[in-house]
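Scroll down for the structure; my scribbles are underneath it.
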Amino acid sequence: MITIKSEREIDLMRESGALVAQVLDLLQSEIRPGMTTKQLDIMAEEYIRDHQAIPSFLNYVPKGDPGVTPYPSTLCVSINEEVVHGVPSAKRVVREGDIVSVDCGVYKGGYHGDAARTFVLGMIDEKVQLLVDATSECLARGIAMAIAGNRLHDISSAIEDYARSYGFSVIENMVGHGIGSELHEDPAVPNYGRKNTGVKLREGMTLAIEPMIALGRSRRAVSRRGGWVAVTEDGKPSAHFEHTIVVRSGKAEILTGTFL
Ligand code: MF3
Ligand code: CO
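Residue 121 in this note's numbering is what sits at position 121 of the sequence shown, and the numbering runs on without skipping anything.
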């Protein structure tokens, strides 16, 4: 069931979203080659708890998948061929030339905010830089379609079309989602699809839109050794950007900062 949020609920989500944006701003300014992904995670968790909030991902158990181990961290930090759900570790160091997707969710005042950015460390391959820039633009184009009266897959097709215009590959088995008092609500928001299909968007729907786009041909992200992390099938790099937004009748309102 897709819920429509009241303006009171949206006010609360704006607070959660602002906190997510602050965490990502902090990490963006602090991340350096040589740091471990665990250091980033600790920084994020401290910041969130200092602001009377709880990390949304910590101890998260996917619905309908109770066999999976609860997610152990505040952030997902996914490097290069890792698409999403990289688990921070004291053994994992970020290096010059890496692209690092940092995904953060916070729960505050009864509502979640969820956003991700892909950071580029130092000099990187030109093609990989193009991937990162195009993925960020995919998100912008998806958000531009999140207008009341449009249909859900207008968002999806805008993302897919832009990614394909570069010959990049859309990861199809990972999707965006509705968000609110639950981290994952209806509807699923795929990053590919046919224009003019899917449910009608209505003012007050809150969505986490999150394109995951890869170099190469992989259309799926697969788990490595049964763990949380999902990687491209061909080992090529993947980028990921996410915002939590509210569907409005004019232009969508972005709740997780101004970054794009
Ligand atoms: N933004 C991601 C998602 O919506 C991060 C979830 S991590 C999890 O799926 F641990 F909560 F699953
Ligand atoms: Co999300």
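No residue lacks a Cβ here, since even glycine has one placed at the ideal position from N, Cα and C.
query: The stretch 115-130 / the stretch 172-179 touching (three or more Cβ pairs under 8 Å); result: no
query: Inter-residue Cα distance where the pair is Leu-26 and Leu-19; result: 11 Å
query: Reference Ser-253; option with closest CA among Ile-147, Gly-180 and Glu-81; result: What sits at residue 253 in the sequence shown is Glu, not Ser. Among Ile-147, Gly-180 and Glu-81, the Cα nearest to that of Glu-253 belongs to Ile-147.
query: Cβ shell of Ala-163 (< 8 Å), same chain only, five flanking positions each side left out; result: Ala-134, Thr-135, Cys-138, Ser-169, Val-170, Asn-191, Pro-211 and Ile-213
query: Asp-186, buried or exposed, once every other Cβ within 10 Å from all chains shown has been counted against 16; result: exposed
query: Buried/exposed call for Met-13, threshold 16 Cβ in 10 Å; result: buried
query: Distance between beta carbons of Val-83 and Val-231, contact taken as under 8 Å; result: 6 Å
query: heavy atom of the ligand CO below 8 Å from Ala-116 C-beta; result: yes
query: Buried versus exposed call for Gly-235 [16 or more other C-beta atoms within 10 Å across all chains shown]; result: exposed
query: Distance cut-off 8 Å: Gly-176 Cβ against heavy atoms of the ligand CO; result: yes
query: Per-residue burial, Asn-59 [other beta carbons within 10 Å of its own, 16 or more giving buried]; result: exposed
query: 8 Å contact criterion, which Ala-53 and Lys-108 should meet: CB distance rounded; result: 4 Å
query: Cys-76 Cβ short of 8 Å to the ligand MF3 heavy atom set; result: yes
query: Sub-9 Å separation of Arg-151 and Asn-196 beta-carbons; result: yes
query: Residue span of the beta strand (DSSP E) that contains Met-212, given as start and end; result: 212-214
query: Sequence-distant residues of the same chain with beta carbon closer than 7 Å to Lys-38, five excluded per side; result: Pro-88, Ser-89 and Ala-90
query: Val-93 vs Gly-178 beta-carbon contact at 9 Å; result: no
query: Every unbroken alpha helix (DSSP H) inside the stretch 151-206 [4 residues or more]; result: 152-165
query: Collapsed DSSP secondary structure at Leu-255 in the structure displayed; result: coil
query: The ligand MF3 heavy atom lying under 8 Å from the CB of Ser-238; result: no
query: Beta-carbon spacing of Ile-4, Gly-204 below 9 Å; result: yes
query: CB of Asp-41 within 9 Å of CB of Thr-74, strictly; result: yes
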